[in-house]
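Here the structure is laid out as structure tokens; the discussion comes afterwards.
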Amino acid sequence: MARMSLKLHPELHLPKSHWSRHTLLQGSVGSGKTQILLPIIEQIIRADHKLFLYDTKGDFTSYFRKPIIVCPFDERSYYWDIAADCRYPLQAAMLAEILIPTSPDQKNGDFWSMAARQLLVAAIRSLQVETPGVWTWADLASLKNQSAEAMLPMIQQHFATAASLVENTESQTTASLLATLVAQTKLIDDLAMAWPVRKESRRFAITEWAQDGYKGRKQVIVQSGPEEAMTKAYISALVNLAVPEIISPKLPDAEKDRFIGFVFDELASAGKINIGPLIDKGRSKGVVFIGCYKNIAQVAQVYGDKFAETMSSMVGTHIICQLQIGETREKAAQQLGKHRVAYRTHDEKAAVHEESRALVSPGELTDRLGPRKGKQYGPHGFGVKAIVQMGGDPLLLDFPGVVMRTKRPGQVPARWMTQPHQRNNLAIPGPTQAASLSAQPKRVGMTKEEIDQFFRE
8 MARMSLKLHP ELHLPKSHWS RHTLLQGSVG SGKTQILLPI IEQIIRADHK LFLYDTKGDF
68 TSYFRKPIIV CPFDERSYYW DIAADCRYPL QAAMLAEILI PTSPDQKNGD FWSMAARQLL
128 VAAIRSLQVE TPGVWTWADL ASLKNQSAEA MLPMIQQHFA TAASLVENTE SQTTASLLAT
188 LVAQTKLIDD LAMAWPVRKE SRRFAITEWA QDGYKGRKQV IVQSGPEEAM TKAYISALVN
248 LAVPEIISPK LPDAEKDRFI GFVFDELASA GKINIGPLID KGRSKGVVFI GCYKNIAQVA
308 QVYGDKFAET MSSMVGTHII CQLQIGETRE KAAQQLGKHR VAYRTHDEKA AVHEESRALV
368 SPGELTDRLG PRKGKQYGPH GFGVKAIVQM GGDPLLLDFP GVVMRTKRPG QVPARWMTQP
428 HQRNNLAIPG PTQAASLSAQ PKRVGMTKEE IDQFFRE
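This is the structure in structure tokens:
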């Protein structure tokens, strides 16, 4: 079995038990976070540990050839086998929640989004039953883009509780509901263009990857792209579908013998990921979480103020690179703690006074940290000065700079992004569906008020 320990610094070798307490790395733009992260990632890949790596700029993709790419924006991407990752009704509801999230401005949820989510659940459930294990994003796009008349039999058969939403197929409420469904699931249409066909030899299912005995390549890179909403949705969907499989009792505890790495460069830009259970419960399952961010306010905007505050206390290792003036710098200085200082006055009534002062002042997090040059930083003549806090006294460390050779392009634009859209018939019901509709009796359906009552109950 490969060694589970890793070096945080050339002279700081940490056991797997320490890495399982997770790591947060913060620093402003150009503070050297990537230089610290690169050797850690290189060790994980060399040891052939499992690694889920979020790459925002394409640097890690270009430096490491071994990991597969799962990204709708990249032509080299493996096919995300959504049918393998979404097999059960609970997973269908989870996927629908990710693809049609609740608006943060709506305290009690938005009616139209909630109703559209129910229709999407019905479509996913239908595929889970009718074509288990082989359905594609294109199949899901076809079902969710149907007319109300074509959709109604499917909903009645696979998710009857939502059938009342579209029973009155000619009402304005139904038309508005279907318009909301189409508008809020544009991501599915885009993924259908990116991954139209299931590729058995080049497919990736994260629920399979998380299990012991996985035979595929263990390292996977997901990337950001030109469309921010799509980036957040597909990455959060991947991780959130994997989390229940990882923390489930059916996966035996193996903190020392299992390594499941999650590394997020720019944590806030990956969308709202269910990282709470990964940090809290993932330790016993062998999870190693490393999250990087520039500003704590960015994390709070995505995860909420309370989680942003508690996240720091849940993590064992904090790496602080150079921070510029702002709230993040002030909070980082506070987290490093205080020490008692005794000083003597020099007046006629000289006396000794004691007071508590910050161990590291906010200004020092700007002036004393960051990129540096000099022979003491290794063979390349540059490095990064950063603070490492692991409990006890903070360590002020000089990280030697690393120079990596580019082995492949950071991103190759996918063809669906660079070519004109091709005509498709995803939204047109087939002749079998049309024939079945004519034999169905018209149903009165529910009024808008009755639908409101449906969700209140």
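For the sequence shown, position 178 (counting from the first letter as 1) is numbered 185 according to my numbering, and the numbering increases by one without interruption.
Glycine included, C-beta positions come from ideal geometry on N, C-alpha and C.
Computed from a predicted model, the values in this text were never measured in an experiment.
- Item | Own chain, CB closer than 7 Å to SER69, minus 5 neighbours either side, in chain order | So the qualifying residues of the chain are THR413, LYS414, ARG415, PRO416 and GLY417.
- Task: Locate the beta strand (DSSP E) running through VAL359, then write down its first and last residues.
- Result: First-last of the beta strand (DSSP E) with VAL359: 359-365.
- Query: Less than 9 Å separating the beta-carbons of PRO407 and GLY377?
  - Reply: No. Outside cutoff.
- Item | Beta-carbon proximity check, VAL227 vs SER27, cutoff 9 Å | no
- Query: Would ALA90 be called buried (16 or more neighbouring beta carbons within 10 Å of its own) or exposed?
  - Reply: buried
- State the start and end residues of the unbroken beta strand (DSSP E) segment that holds ARG379. Start and end: 377-380.
- Secondary structure of TRP26, DSSP reduced to three states: helix
- Taking only runs of the beta strand (DSSP E) that begin and end inside the region 376-426, which ones reach a length of at least 3 residues, in chain order? 377-380, 389-396 and 402-407
- Task: Figure out for me which residue from LYS313, GLY278, VAL270 and ARG224 has the closest Cα to the Cα of ASP55.
- Result: ARG224
- Under 9 Å between C-beta atoms of LEU21 and GLY268: no
- Item | Check: ASP196 C-beta below 8 Å from any heavy atom of the ligand ZN | In the structure shown, the ligand ZN is absent, as is every other ligand, since no ligand is present at all.
- Residue range of the alpha helix (DSSP H) that includes ILE253: 235-254
- Segment limits, alpha helix (DSSP H) that includes THR181: 179-191
- Query: Would you say LEU159 and THR138 are within 9 Å of each other, going by their C-beta atoms?
  - Reply: no
- Item | Outcome for LEU245 when other beta-carbon atoms lying within 10 angstroms are tallied against a minimum of 16 | So LEU245 ends up on the buried side.
- Item | Per-residue burial, LYS526 [other beta carbons within 10 Å of its own, 16 or more giving buried] | No answer is possible for residue 526: the residues shown for the chain start at 8 and end at 464.
- Relative to the C-alpha of LEU19, which residue among TYR221, VAL395 and ARG265 is closest? LEU19 has its Cα closest to that of VAL395, out of TYR221, VAL395 and ARG265.
- Task: Per DSSP, which residues does CYS93 bridge with? Please list them.
- Result: None; CYS93 has no bridge partner.
- Item | First and last residue of the uninterrupted beta strand (DSSP E) at ALA349 | 345-351
- Query: Who are TRP87's beta bridge partners in DSSP?
  - Reply: Beta-bridge analysis with DSSP links TRP87 to PHE211.
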